[in-house]
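K.L.:
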Ligand SMILES: [Fe+2]
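In the numbering used here, the protein residues as written are 1046 to 1242.
1) Is it buried or exposed, residue 1133, if we count other Cβ atoms within 10 angstroms and call 16 or more buried?
2) Roughly how many angstroms lie between the CA atoms of residue 1054 and residue 1230, to the nearest whole one?
3) Sorry if obvious, but does the Cβ on residue 1171 come closer than 6 Å to a heavy atom of ligand 1?
4) Just the residues with CB closer than 6 Å to a heavy atom of ligand 1, in chain order, which are they?
5) Check this for me: beta carbons of residue 1165 and residue 1125, under 7 Å apart or not?
6) Quick one, which of 1161, 1155, 1123, 1076 has its alpha-carbon nearest residue 1225's?
7) Under 7 Å between the Cβ atoms of residue 1235 and residue 1131?
8) Count the other CB atoms, across all protein chains shown, that sit within 10 Å of the CB of residue 1114; report buried if there are 16 or more and exposed otherwise.
9) Using a Cβ distance threshold of 8 Å, determine whether the region 1143-1163 contacts the region 1172-1186, with at least three qualifying pairs required.
10) So, for residue 1121: in the same chain, excluding its five sequence neighbours on each side, which residues have a beta-carbon less than 8 Å away from its beta-carbon?
11) At what residues does the alpha helix (DSSP H) containing residue 1066 begin and finish?
12) Alpha carbon to alpha carbon, how far is residue 1068 from residue 1211? Give it in angstroms, no decimals.
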């Protein structure tokens, strides 16, 4: 069965002024749709046509002649998570259990946020910043292009931030750190992040 672009879990103007309607119209309706369309075209008639999205990502990571399938499958998976990581009137306080885990592993919420922003701002070129759970510990990482925590044994993605320019250039121009800070402070659905623990 072909993969489909899921509807945004909120209206296109729900994240303003931090992420504009125009950004979501391009990012969700155009960029994400293109990944889904390309993926369906690339797996049509192959043994991957009936595989799960997670299996396709894991099986094609670092496989030279499957780079196109990997890039589009991983970006589909990444964007589905990304939309679910945000909500209208996001940000604010974290649920207590998540906050306790963050403080235990990063020292403080402020230290976690600084580390996450540093990962997002420091990722050279296109990629993603992540909060992951690995071996019972919370960590922040970054990955290039479409690479995601599914590619690495034992990593569970709790939060992902798209730092490709298409995610922030309309609203923030070249100020990627401002975008990642706004993502954490005003857009993230922390209850959703806690539910992934
Ligand atoms: Fe994106």
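Note that the Cβ used here is the ideal one computed from N, Cα and C, for glycine as well.
Since this is a predicted model, take the numbers as computed values, not measurements.
P.N.:
In short:
1) Working through the chain shown from its first residue, we reach residue 1133 at position 88. With fewer than 16 Cβ atoms within 10 Å of its Cβ, residue 1133 is classed as exposed.
2) Translated into the one-based positions of the chain shown, residue 1054 becomes position 9. Translated into the one-based positions of the chain shown, residue 1230 becomes position 185. Residue 1054 and residue 1230 have their C-alpha atoms spaced approximately 19 Å apart.
3) Along the chain shown, one-based indexing puts residue 1171 at 126. For ligand 1, no non-hydrogen atom lies closer than 6 Å to the CB of residue 1171.
4) Answer in sequence order: 1072, 1076, 1124, 1207, 1209, 1211, 1212.
5) Locating residue 1165 in the chain shown gives position 120, counting from the first residue. Locating residue 1125 in the chain shown gives position 80, counting from the first residue. Between residue 1165 and residue 1125, the C-beta gap is not smaller than 7 Å, which leaves the two residues out of contact.
6) One-based indexing of the chain shown puts residue 1225 at position 180. Answer by Cα proximity: 1161.
7) Start at 1 with the first residue of the chain shown, and residue 1235 comes out as number 190. Start at 1 with the first residue of the chain shown, and residue 1131 comes out as number 86. Cβ distance not < 7 Å, so residue 1235 and residue 1131 don't count as in contact.
8) In the chain shown, residue 1114 corresponds to position 69, counting from 1. Buried, since its Cβ has 16 or more Cβ neighbours within 10 Å.
9) Yes: at least three Cβ pairs fall under 8 Å.
10) Indexing the chain shown from 1 puts residue 1121 at position 76. Excluding its 5 nearest sequence neighbours in each direction, residue 1121 has C-beta neighbours in its own chain below 8 Å: 1048, 1077, 1080, 1081, 1084, 1098, listed in chain order.
11) Within the chain shown, numbered from 1, the residue matching residue 1066 stands at position 21. Secondary structure note for residue 1066: its alpha helix (DSSP H) is the uninterrupted segment 1066-1069.
12) Counting from 1 along the chain shown, the entry for residue 1211 is found at position 166. Counting from 1 along the chain shown, the entry for residue 1068 is found at position 23. If you take the alpha carbons of residue 1211 and residue 1068, they lie about 8 Å apart.
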